[in-house]
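Residue numbers (our numbering): 283 to 532.
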């Protein structure tokens, strides 16, 4: 026990010296991001964040305005739970776990602060945009999905259209941060039911029905996807009949 205590004190002393000398400011953003990705891949990532907070490393490496208290600790725990739940769905698309955790860490800092985080970690493109826009996206999703009565009133296709184009990481963060059962159930339905929906027929089938190739193929297949989500088309023949009725042979 004495050895462990001594080791703990030694580690703390070294980190304190490193913080005093601003060593972490000299570490490249790419190196920090690599360490974050590795940390978030751990089975109990929240424990790692807790340890980092104890040593003052979250403020030193991510952003100085991040306050690690009970609200953030609980949010990180919910994020970890959502990510573990999603993994058990065995969906083909896997989220960038580190990005969802980063959304949680940056939840209480403003856009200017998130811009600083993007610069620090060299985040650009879709990842940078996701970190800058996710709070606005979550607010919009929360507002839209909170309207009305029970979730059974919401069509699966309506939820899908609302979340279309939203990064998976932002959707999962919305699921973790919301306090609304209606919103939580709607997003869960989207991730479990709608994600696997799609038309059975293809462009070759549309061509065989006498429909000239073009952008209309995409429109038809998208419409079929929405119909299938809401349970109105049960099989391939039903899809073909739907197309025949709306796009008669020319």
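For every residue, glycine included, the Cβ atom is placed at its ideal position computed from N, Cα and C.
Check: Ignoring anything shorter than 3 residues, give me the beta strand (DSSP E) runs that lie fully in the segment 412-445, in order along the chain.; Outcome: none
Check: Could you give the DSSP three-state label for residue 453: helix, strand or coil?; Outcome: helix
Check: If you draw a straight line from the C-alpha of residue 449 to the C-alpha of residue 292, how long is it?; Outcome: 42 Å
Check: Out of 473, 413 and 350, which has the shortest C-alpha to C-alpha gap to residue 399?; Outcome: 413
Check: Counting Cβ pairs closer than 8 Å, one from the segment 484-494 and one from the segment 444-464, do we hit at least three?; Outcome: no
Check: For residue 319 versus residue 369, is the C-beta spacing smaller than 9 Å?; Outcome: no
Check: Which stretch, first to last residue, makes up the alpha helix (DSSP H) that contains residue 502?; Outcome: 498-511
Check: Less than 7 Å between C-beta atoms, sequence neighbours within five positions excluded: which residues of the same chain meet that for residue 405?; Outcome: 413
Check: Residues in the same chain with beta-carbon distance under 7 Å from residue 391, minus the five sequence neighbours each way, listed in chain order, please.; Outcome: 345, 347 and 348
Check: What residues in its chain sit with their C-beta under 7 Å from that of residue 530, if we drop five residues either side in the sequence?; Outcome: none
Check: Can you give the beta carbon distance from residue 439 to residue 508, rounded, assuming they're within the 8 Å contact cut?; Outcome: 4 Å
Check: Quick check on DSSP: helix, strand or coil for residue 284?; Outcome: With a pLDDT of 32 at residue 284, under the threshold of 50, the modelled position of this residue cannot be trusted, and the question is left open.
Check: How is the alpha helix (DSSP H) around residue 314 delimited, first residue to last?; Outcome: 311-322
Check: My understanding is that residue 424 touches residue 482, with C-beta atoms under 8 Å, so please give their C-beta distance in whole angstroms.; Outcome: Contact flag wrong, Cβ pair sits at about 34 Å.
Check: Kindly list the residues whose CB is nearer than 7 Å to the CB of residue 375, restricted to its own chain and excluding five residues on each side of it in sequence; keep chain order.; Outcome: 450
Check: In chain order, what residues of the same chain have a beta carbon less than 6 Å from the beta carbon of residue 441, not counting five sequence neighbours either side?; Outcome: 468 and 472
Check: Note the first and the last residue of the continuous alpha helix (DSSP H) segment covering residue 394.; Outcome: 393-402
Check: For residue 225, report the span of its alpha helix (DSSP H) as first-last.; Outcome: Examination of residue 225 is not possible in this model, given that the chain is present from 283 through 532 alone.
Check: Rounding to the nearest angstrom, what Cα-Cα distance links residue 393 and residue 386 in this structure?; Outcome: 14 Å
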